[in-house]
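Protein chains in written order, with our numbering: chain A, 282 to 486; chain B, 282 to 486; chain C, 282 to 486. The C-beta atom is built at its ideal place from N, Cα and C for all residues, glycine as well. Working notes, beginning with the structure itself.
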Amino acid sequence: MDLVGTFVFAISGAMLGVHRRLDVFGVLVLSFAASSAGGIMRDVLIGAVPPTAISDWRYLATSVAAGLAIFFWYSPWARLHTAIQLFDAAGLALFSVAGAEKALTYGLDPLMAALLGMVTGIGGGMARDILVTRTPTVLQADIYAVAALLGAGLAVTGSWLRLPLVPTAILSALACFALRVAAIHFGWRLPVALTSRDPRDDAAT
Amino acid sequence: MDLVGTFVFAISGAMLGVHRRLDVFGVLVLSFAASSAGGIMRDVLIGAVPPTAISDWRYLATSVAAGLAIFFWYSPWARLHTAIQLFDAAGLALFSVAGAEKALTYGLDPLMAALLGMVTGIGGGMARDILVTRTPTVLQADIYAVAALLGAGLAVTGSWLRLPLVPTAILSALACFALRVAAIHFGWRLPVALTSRDPRDDAAT
Amino acid sequence: MDLVGTFVFAISGAMLGVHRRLDVFGVLVLSFAASSAGGIMRDVLIGAVPPTAISDWRYLATSVAAGLAIFFWYSPWARLHTAIQLFDAAGLALFSVAGAEKALTYGLDPLMAALLGMVTGIGGGMARDILVTRTPTVLQADIYAVAALLGAGLAVTGSWLRLPLVPTAILSALACFALRVAAIHFGWRLPVALTSRDPRDDAAT
């Protein structure tokens, strides 16, 4: 499951890289960052070093393959924004669930395992966006980290209830994916704090 | 002391998040990043994994409470810039001192413990600013990292002289806070290198 | 070799800091970040904590010395852009090779050691650029990460063939440096993916 998540996140990173007209190596770096930063953060935080993404060459190979595929077969006619968002949602779902389960394995308590699952899910996207100096989607987008937390939380709850692992993981990931895609489709957004400020002022901050 | 520092830094992060019109979860992520990134960096660097901010739920609870408080009771009439700076200065003072003392406990030599104290103090603010793609205050502001280094250095010196822990910590934190607030109030700044360049050129860099 | 790399990378960081008109402490933070971030990333990833750059005061002293030297003797007439790029290329070469060799020492397999050498080389520059909210050079520049990978790969190959350590390291670093400088001089660039998009559109992304 980790490798599938790596692949789809790598695609989201590569698409952003191509979109920003990075060169082929920049695209590969961005696809590796998008696909591995979350897992690396989780592994460093729970003390599982060297992180799987570093010690296991299959993760690197997967992200390079995804990056090259996008680089060479990137269709300019693709509805780019939507495609990036869909792959991003799938990666988010897979990583949040896998991340939460790995944190549980390392003995973290359920609340913190859910949090680390969320970090695994959103870390790659944050690294990807920071690398191209864009405010991370997670901080602004419609129901992004919430979806990650939902997936991670369901996985942790399932483990706590001793439900069978694989169906729980699949359902948790689907719930996360569905919430994120519904949020994109229907434009659901979390509330913004009420201020009397005019939004246009913010540019000056 | 760590929890108090967490609270005030979380407030500074939440205020910036509200100011940038992030949604409620974005505000919480920013308050967690501002309050925990410095401590997490320190813990990862000294090998104390999982970091306290991850393994102890009280840190998360504190930053979430601070973030929600700001989100719901954010007064648009607050003199925002000043308030963020004051909370930031308090967090800086508390974290620098606590960070230096934790690094000493892990057996680092005094010079490096003072440096890690400074990292603990400025790390949260740097992470907060980078997340909203703002050049970190620490690199530009009046006497920011210097104040953190003063607090951390005093705490390390006190420990080296075997002075009693609590009074030393309080005085070190007060010295750091006072220096930072004085620098804000009087507009003290560190010198910038002399160049013949016209500042207006920099926009093009 | 690590200390020489620290020095030249610190100079590249300090020059960027002066160029962006940071104050003296900001310049020092930027020179420390540019010179140490790559090595710290490598050490955290392979579990060598506390990282050398933190536990050995000579790294800090070297980067502070380089930062102060640039701050006080920065010549406004220097051909700034070229100078930063040359120092950056030298640091890249030294760090990639030293990083790959350290990763080998910690038992990583050759492919991953070469990758970590590249991370060591490009990490400092990425941290430096992110701190001043600039899209990292590595993602856009002519043959940057490729040169790092070449140096690291040669060093790993040499070690695998049991060639003598010092000549291998020097030749690997020279190859990396030469490739990078040639790429700058002749304007070599890696290809960008073909899209039908007008480059001017990207500003709106």
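- Short of 7 angstroms from the beta carbon of C:MET399, and not among the five residues preceding or following it, lie these beta carbons of its own chain, in chain order: SER377, ALA426, ALA429, LEU430 and ALA433.
- In the structure shown, C:VAL289 falls within a helical segment according to DSSP collapsed to helix, strand and coil.
- Close partners of A:VAL413 in chain C (Cβ separation under 8 angstroms): THR416 and LEU420.
- For A:VAL305, DSSP records no beta bridge to any residue.
- Residue state for B:VAL473 is assigned as strand, using DSSP reduced to three classes.
- The alpha-carbon of C:LEU326 is positioned some 42 angstroms away from that of B:HIS466.
- Distances from the alpha-carbon of A:ASP304 to those of A:ALA370, A:ALA456, A:VAL413 and A:PRO445 put A:VAL413 closest.
- B:THR416 carries a coil assignment under DSSP once its states are collapsed to helix, strand and coil.
- Cβ-Cβ distances below 7 angstroms link A:VAL419 to ILE403, GLY406, MET407, TYR425 and ALA426 in the same chain, with the five nearest sequence neighbours on each side left out; the list follows chain order.
- The beta carbon of B:MET393 is closer than 8 angstroms to those of ALA384 in its chain, skipping five residues each way along the sequence.
- About 6 angstroms separates the beta carbons of B:ALA295 and B:PHE352, which is inside the 8 angstroms limit, making them a contact pair.
- A straight-line Cα-Cα distance of about 43 angstroms links B:ALA314 and C:LEU446.
- Using a 10 angstroms sphere on the CB of B:GLY388, the tally of other CB atoms stays under 16, which defines it as exposed.
- Close to B:VAL305, with beta-carbon spacing below 8 angstroms, are these residues of chain A in chain order: LEU471, PRO472, VAL473 and ALA474.
- When C-alpha distances from A:ILE365 are compared across A:ALA334, A:PHE290, A:VAL285 and A:LEU444, the shortest belongs to A:PHE290.
- Chain order gives the chain B residues near C:PHE352 as ALA474, where near means a beta carbon separation below 8 angstroms.
- Within chain A, VAL330 and PRO331 have C-beta atoms less than 7 angstroms from the C-beta of C:ILE327, given in sequence order.
- The C-beta of C:LEU397 comes closer than 9 angstroms to at least one C-beta of chain A.
- The beta carbon of B:VAL437 sits closer than 6 angstroms to the beta carbons of ALA381, PRO391, ALA394 and ALA395 from its chain, once the five residues preceding and following it are set aside; these are given in chain order.
- Residues of chain C whose Cβ lies closer than 8 angstroms to the Cβ of B:VAL299 do not exist; the shortest such Cβ separation is about 21 angstroms.
- When the alpha-carbon of B:THR343 is set against those of B:ASP369, B:ILE292 and B:GLY307, the nearest one is in B:ILE292.
- Collapsing the DSSP output to three states places C:ILE451 in a helix.
- For A:ALA426, the C-beta contacts it makes with chain B under 9 angstroms involve PHE306, GLY307, LEU309 and VAL310, in order along the chain.
- The three-state reading of DSSP puts A:LEU442 in coil, since its state is none of H, G, I, E or B.
- Residues of the region 379-394 of chain B whose Cβ lies closer than 8 angstroms to any Cβ of chain A: none.
- Residues LEU309 of the same chain have their beta carbon placed closer than 7 angstroms to that of A:VAL345, with the five preceding and five following residues left out of the count.
- Nearest in C-alpha terms to A:ARG301, of all of C:THR416, C:PRO448, C:ALA464 and C:ALA459, is C:THR416.
- Within a 10 Å sphere around the beta-carbon of C:PRO332 sit 16 or more other beta-carbons, which makes this residue buried.
- Annotation: C:ILE411 to B:ILE411 spans about 8 angstroms, alpha carbon to alpha carbon.
- Taking each of A:VAL462, A:ALA463 and A:LEU435 in turn and checking the Cα distance to A:ILE451, the smallest one comes out for A:LEU435.
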